[in-house]
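Asks: Its first residue numbered 1276, the sequence shown is counted upward by one per residue in our numbering. For each residue, glycine too, the CB sits at the ideal point set by N, CA and C. The model shown is predicted, which means the values in this text are computed figures rather than measured ones. I'd like to ask some things about the structure below.
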Amino acid sequence: MGPHISRAAVLACTAILACAPDAHAGGWPVPPGKSQIIIRATQSSADTKFDHNGRRYDLLPYRKREITAYGEHGLFKDLTLLGELAWKQDRKNWHAGARFTSQGFSRAKLGIRYALGEWQGTEFSLQPIATIHLMRSGDDPSMPGPGDTDIEAGGTLASSDTLLGMDIFSVQEIGYSFSSGGRPDKLRADVTLGLKPWRNVMLLFESRNAANLGDLRRQGTQESKLAVSLVYEVAKDWSLEVGALHTVFGRNALEESGVTLGVWHRF
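This is how it looks when you write it as structure tokens:
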């Protein structure tokens, strides 16, 4: 039996798309024949890095710009198609004033979300996603290069309710990625909480956590990021987003901070 979609669940589904910093999907199916697209620009930087013990140390400035286009389309009642294309510019400073910049399309994603049903107010879905990397991301051999592929086996749990007259929702995602090119496999776990204090405003809070399974003294990495977004509906089916993110903990990971601007549209 397909899941029952409440009014709050529909609000949650459309709003979470606007908040997701790495274009993570919502937890509910998109109605058949309907689509949603998000275009987001993120500017971030880092002047410190976490070592393999989680201690911070200074490094020469790193700057990143990224533009992502993420979309969802309802194929059938319980089946939603997911896709993403990302462009990225990395700028690294070296000693003696040297600077290295790389830019181009960085990755393409394609996946589905299949709704299994509802149990005690929680929607359960399977969410396999394939990612093809299109450019080199640094000199570390654990990082992806052109043509490398990740196959993620994942799932979502989503629930919605009301609190003090406000629509609220939460979505938990977990995924295990099988990586090609001799890179370590990766595990991620994300939690998103959203609430709607006013008719045209949605506040979103996200905890994003990821780790690859390599040796932390060599190829292993861990990172936990927090992101906060405000989504404002400016017209029917059109919304604008402004947000911020920060890496609160990591191992062999940059302590990254940034801001995001986005626009999303339902049709």
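Tell me the residue span of the beta strand (DSSP E) that contains T1496.
Replies: T1496 -> no beta strand (DSSP E), and no H or E assigned at all.
Asks: Alpha carbon to alpha carbon, what distance is there between I1426 and K1461?
Replies: If you take the alpha carbons of K1461 and I1426, they lie about 10 Å apart.
Asks: When you compare only the Cα positions, how much space is there between G1392 and L1501?
Replies: The alpha-carbon atoms of G1392 and L1501 are separated by roughly 29 Å.
Asks: Locate the beta strand (DSSP E) running through V1585, then write down its first and last residues.
Replies: Nothing in the structure corresponds to residue 1585, since the chain is present only between 1276 and 1542.
Asks: Should V1476 and L1505 be called a contact, given that it needs their Cβ atoms to be closer than 9 Å?
Replies: In contact: V1476 and L1505 (Cβ atoms closer than 9 Å).
Asks: Straight-line CA distance for A1486 to W1513?
Replies: Approximately 35 Å between the Cα atoms of the pair.
Asks: Using CA coordinates, which residue listed in D1465, G1456, S1455, S1454 is at the minimum distance from Q1447?
Replies: Nearest C-alpha to Q1447: D1465.
Asks: Work out the CA separation of L1357 and A1300 for me, nearest whole Å.
Replies: Bear in mind that the predicted position of A1300 carries a pLDDT of just 42, short of 50, making it too unreliable to give a figure here.
Asks: Using a Cβ-Cβ cut-off of 7 Å (strictly less than) and excluding sequence neighbours within five positions of E1508, which residues of its own chain qualify?
Replies: Excluding residues within five positions, the ones whose Cβ falls inside 7 Å are N1475, S1514.
Asks: What residues match up with M1477 in a beta bridge as DSSP calls it?
Replies: Paired residues: V1506.
Asks: Who are H1521's beta bridge partners in DSSP?
Replies: L1501, S1532, per the DSSP bridge assignment.
Asks: For G1457, which residues of its own chain have a beta-carbon under 7 Å away from its beta-carbon, when the five flanking residues on both sides are left out?
Replies: The answer is none, since no qualifying residue turns up.
Asks: Per DSSP, which one or two residues make a beta bridge with P1421?
Replies: DSSP lists no partner for P1421.
Asks: State the DSSP-derived secondary structure class of M1410, mapped to helix, strand or coil.
Replies: The answer is coil: DSSP assigns M1410 none of H, G, I, E or B.
Asks: Using the three-state DSSP reduction, which class does H1348 fall into: helix, strand or coil?
Replies: Three-state result, H1348: strand.
Asks: Tell me, to the nearest whole angstrom, how far the beta carbon of I1314 is from that of A1361; I am working on the premise that it is less than 8 Å.
Replies: Rounded, the Cβ-Cβ distance is 11 Å, inconsistent with contact.
Asks: Pull up the CB-CB distance for I1312 and W1539, whole angstroms please, since I reckon it's below 8 Å.
Replies: Yes, I1312 and W1539 are in contact; Cβ-Cβ is about 7 Å, under 8 Å.
Asks: Please report the residue range of the beta strand (DSSP E) in which K1363 lies.
Replies: Segment 1354-1368, the beta strand (DSSP E) holding K1363.
Asks: Is Q1447 helix, strand or coil when you go by DSSP?
Replies: Here Q1447 sits in strand by DSSP.
Asks: May I ask you to verify whether the region 1324-1339 touches the region 1517-1534, counting CB pairs closer than 8 Å and requiring at least 3?
Replies: In short, these stretches touch, since the Cβ pair count reaches three.
Asks: Is N1487 helix, strand or coil when you go by DSSP?
Replies: In this structure, N1487 counts as strand in the three-state DSSP scheme.
Asks: Should V1506 be listed as close to the ligand GTP, given that the test is whether its C-beta is under 8 Å from any heavy atom?
Replies: Ligands are entirely absent from the displayed structure, and the ligand GTP is therefore not among its contents.
Asks: For A1383, I'd like the list of residues in its chain whose CB is within less than 6 Å of its CB, leaving aside the five on either flank, ordered along the chain.
Replies: Once the five neighbours on either side are set aside, the close Cβ partners of A1383 are L1360, I1407.
Asks: By how many angstroms is the C-alpha of G1396 removed from the C-alpha of D1442?
Replies: Each residue's alpha carbon lies about 14 Å from the other.
Asks: State the start and end residues of the unbroken beta strand (DSSP E) segment that holds D1326.
Replies: From DSSP, D1326 is part of no beta strand (DSSP E); its letter is neither H nor E.
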